[in-house]
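Participant: Chains as they are written, first to last, in the numbering used here: chain A, 1 to 210; chain B, 211 to 420.
Cβ atoms here follow ideal geometry from the backbone N, Cα and C, with glycine treated the same way.
These figures come from a predicted structure and were not determined experimentally.
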DNA sequence: CCTCCTCGATACCGATACGTATCCGATACC
DNA sequence: GGTATCGGATACGTATCGGTATCGAGGAGG
């Protein structure tokens with residue numbers, strides 16, 4: 001059914017009738033991402049995930065030990081992908097508002113399905129102590145990376161604020177998620193300029209030059 | 211198994227062997243609140259809800275048409291209870307920081323299970339357009355009630371700010387939820403004074419007397 | 001005290017879930 | 001090119017789900 005061209009050399013046109021194992025795994029993970037976001041973890045079945053990936057349940061259980069194991073693998077892959085995305089978005093920027101907006105956009109709202117999926121992780125972490133440890137570690141890592149960038153900006157730019165980088169990062173993340181929480185079911189409830197206005201206020205909260 | 215004393219007068223000690231219908235309904239709702247928060251809507255079964263209430267599934271389906279109907283009845287009851295709680299918390303206060311703190315405390319974090327349950331509602335609203343309408347209406351009502359109180363404070367207190375009551379309410383709600391989202395799996399990640407500090411900054415954002 | 005009727009308990013059904021045993025075709029190696 | 005192995009497809013087993021039909025206890029009215 002699916003034909004994939006492979007081979008050691010680019011002009012080797014050996015016709016494969018079966019995708020490679022790592023490709024199967026990647027496609028199952030991507031399908032799980034979509035299906036879990038769409039229907040929730042408990043509401044989605046492994047059959048649905050397999051079908052969305054173009055396989056059957058056998059392929060899922062050949063690559064993952066259980067539905068939970070699939071979920072945890074998805075968590076790790078997503079966390080890694082998001083950290084990468086944040087760092088990439090912040091790599092080349094050097095102006096404050098642009099960078100903060102880029103981080104905010106990168107951290108939420110960009111993909112509506114993301115918040116659904118993230119909250120699925122979050123719920124599992126709150127309910128299952130085993131999952132919680134991994135979640136908290138990953139979340140702290142994310143906050144630390146963002147805080148590092150914020151710190152750099154606070155040092156490099158002429159803003160005088162009473163806020164330290166860590167607290168500012170926390171507010172940024174919380175506000176982004178909180179606003180997305182209001183906006184996703186009711187988009188017109190959240191004006192686009194609320195987040196930058198709050199940030200502007202916070203960065204002018206101490207004896208400033210302006 | 212369960213004995214309840216009833217009667218038209220207080221000293222009527224007729225021994226009932228069966229709770230009244232509205233009592234059954236109330237106990238099922240309370241059980242649903244706990245079980246849905248603990249295991250999620252899809253992860254909880256009607257049998258578990260019934261058992262937690264001290265009944266069997268027959269009692270649930272005798273009082274609610276379906277699992278979805280039970281869920282929606284729970285949503286309405288919770289929303290009404292929360293609106294009442296907010297209004298009660300704000301009824302007698304007249305100082306700004308105290309009232310905002312009271313609202314914030316009332317809106318989240320008070321009951322850890324609440325955020326779980328609220329997000330369950332939220333997920334359903336995002337995924338199901340039918341549920342979304344009711345959710346959005348209830349949420350707008352809550353925002354409007356809080357905004358009314360905020361408005362009253364902005365008029366009565368000597369704070370000069372560039373913020374209107376509606377936007378300020380939105381930020382308050384978003385920040386409260388966003389911070390709770392970080393705090394619930396990792397309590398030490400959120401210092402207690404972050405929320406009041408942000409609010410203080412926002413209320414000093416325009417030409418102020420201080 | 002007796003009878004009617006409400007309503008929760010019980011038993012059950014079809015659907016569907018996760019997980020597994022087995023099969024068989026493609027791949028890779030000799 | 002023959003062959004052993006890998007891995008996804010197929011079929012099934014067992015459990016549990018939401019929902020329903022029926023039963024029978026118990027409360028209220030006469």
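If you measure between the beta carbons of residue 426 (chain B) and residue 323 (chain B), is that distance less than 8 Å?
Facilitator: What is shown of chain B runs 211 to 420, which leaves residue 426 (chain B) out entirely.
Participant: Using the C-alpha atoms, what's the distance from residue 392 (chain B) back to residue 400 (chain B)?
Facilitator: Indexing the second chain from 1 puts residue 400 (chain B) at position 190. Indexing the second chain from 1 puts residue 392 (chain B) at position 182. Their Cα atoms are separated by approximately 7 Å.
Participant: Note down, in chain order, every chain B residue with its Cβ under 8 Å from the Cβ of residue 185 (chain A).
Facilitator: The residue labelled residue 185 (chain A) in the question sits at position 185 within the first chain. Under the 8 Å cutoff, chain B gives 332, 335, 336, 342, 345, 346, 349.
Participant: Which residues in the same chain as residue 287 (chain B) place their Cβ atom closer than 7 Å to its Cβ, once the five residues preceding and following it in sequence are excluded?
Facilitator: Here residue 287 (chain B) refers to the residue found at position 77 of the second chain. The answer, listed in chain order, is 239.
Participant: So, for residue 63 (chain A): in the same chain, excluding its five sequence neighbours on each side, which residues have a beta-carbon less than 7 Å away from its beta-carbon?
Facilitator: On the first chain, residue 63 (chain A) is found 63 positions in, with the first residue counted as 1. The residues are 24, 25, 28.
Participant: If we call anything under 8 Å between Cβ atoms a contact, is residue 201 (chain A) one with residue 412 (chain B)?
Facilitator: Residue mapping note: residue 201 (chain A) aligns to position 201 of the first chain, counting from 1. Residue mapping note: residue 412 (chain B) aligns to position 202 of the second chain, counting from 1. Contact flag set, yes.
Participant: Using C-beta distances below 7 Å, list every residue in its chain close to residue 61 (chain A), excluding the 5 sequence neighbours before and after it, in chain order.
Facilitator: As a first step, residue 61 (chain A) is located in the first chain; it is residue number 61 there, counting from the start. The answer is none, since no qualifying residue turns up.
Participant: Thinking C-beta only, is residue 336 (chain B) closer than 8 Å to residue 72 (chain A)?
Facilitator: Within the first chain, numbered from 1, the residue matching residue 72 (chain A) stands at position 72. Within the second chain, numbered from 1, the residue matching residue 336 (chain B) stands at position 126. No; because the gap between Cβ atoms is not below 8 Å, this pair is not in contact.
Participant: Can you give me the C-alpha to C-alpha distance between residue 361 (chain B) and residue 172 (chain A), rounded to a whole angstrom?
Facilitator: In the second chain, counting from the first residue as 1, residue 361 (chain B) sits at position 151. In the first chain, counting from the first residue as 1, residue 172 (chain A) sits at position 172. Distance between the alpha carbons of residue 361 (chain B) and residue 172 (chain A): 25 Å.
Participant: For residue 201 (chain A) and chain B, any beta-carbon pair shorter than 8 Å?
Facilitator: Sequence index remark: in the first chain, residue 201 (chain A) carries index 201 (1-based). At least one chain B Cβ lies under 8 Å of residue 201 (chain A).
Participant: Within a Cβ cutoff of 7 Å, which residues of the same chain sit near residue 52 (chain A), ignoring the five residues on either side of it in sequence?
Facilitator: Along the first chain, read from residue 1 onward, the residue named residue 52 (chain A) stands at position 52. The residues are 31, 34, 35.
Participant: Would you report the Cα separation of residue 145 (chain A) and residue 192 (chain A), rounded to the nearest angstrom?
Facilitator: By 1-based counting over the first chain, the position of residue 145 (chain A) is 145. By 1-based counting over the first chain, the position of residue 192 (chain A) is 192. Roughly 25 Å separates the two Cα atoms.
Participant: Please report the straight-line C-alpha distance between residue 56 (chain A) and residue 375 (chain B), rounded to a whole angstrom.
Facilitator: Your numbering for residue 56 (chain A) matches position 56 in the first chain. Your numbering for residue 375 (chain B) matches position 165 in the second chain. Each residue's Cα considered, the two are about 54 Å apart.
Participant: Is DSSP giving residue 476 (chain B) helix, strand or coil here?
Facilitator: Here chain B has residues from 211 to 420 only, and residue 476 (chain B) is not among them.
Participant: Below 8 Å between beta carbons: does that hold for residue 142 (chain A) and residue 404 (chain B)?
Facilitator: The residue you call residue 142 (chain A) lines up with position 142 of the first chain. The residue you call residue 404 (chain B) lines up with position 194 of the second chain. It is not a contact, given that the beta carbons lie outside the stated cut-off.
Participant: Taking the C-alpha atoms as reference points, what is the distance between residue 285 (chain B) and residue 295 (chain B)?
Facilitator: Indexing the second chain from 1 puts residue 285 (chain B) at position 75. Indexing the second chain from 1 puts residue 295 (chain B) at position 85. Taking the straight line joining both Cα atoms gives about 15 Å.
Participant: Which residues mark the beginning and the end of the alpha helix (DSSP H) in which residue 122 (chain A) is found?
Facilitator: Sequence index remark: in the first chain, residue 122 (chain A) carries index 122 (1-based). Element bounds for residue 122 (chain A): 112-127.
Participant: Counting along the chain, where does the alpha helix (DSSP H) carrying residue 377 (chain B) start and finish?
Facilitator: Here the question's residue 377 (chain B) lines up with position 167 in the second chain. Where residue 377 (chain B) is concerned, the enclosing alpha helix (DSSP H) stretches over 375-393.
Participant: Expressed to the nearest angstrom, what Euclidean distance is found between the alpha-carbon atoms of residue 385 (chain B) and residue 70 (chain A)?
Facilitator: As a working mapping, residue 385 (chain B) is identified with position 175 in the second chain. As a working mapping, residue 70 (chain A) is identified with position 70 in the first chain. When rounded, the distance between both Cα atoms is 32 Å.
Participant: At the 8 Å Cβ level, is residue 207 (chain A) part of the contact set with chain B, yes or no?
Facilitator: Walking along the first chain from the start, residue 207 (chain A) turns up at place 207. Bear in mind that the predicted position of residue 207 (chain A) carries a pLDDT of just 47, short of 50, making it too unreliable to give a figure here.
Participant: Quick test of your reading: residue 278 (chain B) and residue 139 (chain A), contact by CB under 8 Å. State the CB separation rounded to the nearest angstrom.
Facilitator: Counting from one through the second chain, the residue named residue 278 (chain B) turns up at place 68. Counting from one through the first chain, the residue named residue 139 (chain A) turns up at place 139. About 33 Å separates the two Cβ atoms, so there is no contact after all.
Participant: In whole angstroms, what separates the C-alpha of residue 378 (chain B) from that of residue 357 (chain B)?
Facilitator: The residue labelled residue 378 (chain B) in the question sits at position 168 within the second chain. The residue labelled residue 357 (chain B) in the question sits at position 147 within the second chain. Taking the straight line from one Cα to the other gives about 8 Å.
Participant: With respect to the alpha helix (DSSP H) encompassing residue 52 (chain A), which residues constitute its N-terminal and C-terminal limits?
Facilitator: Residue mapping note: residue 52 (chain A) aligns to position 52 of the first chain, counting from 1. Segment 46-53, the alpha helix (DSSP H) holding residue 52 (chain A).
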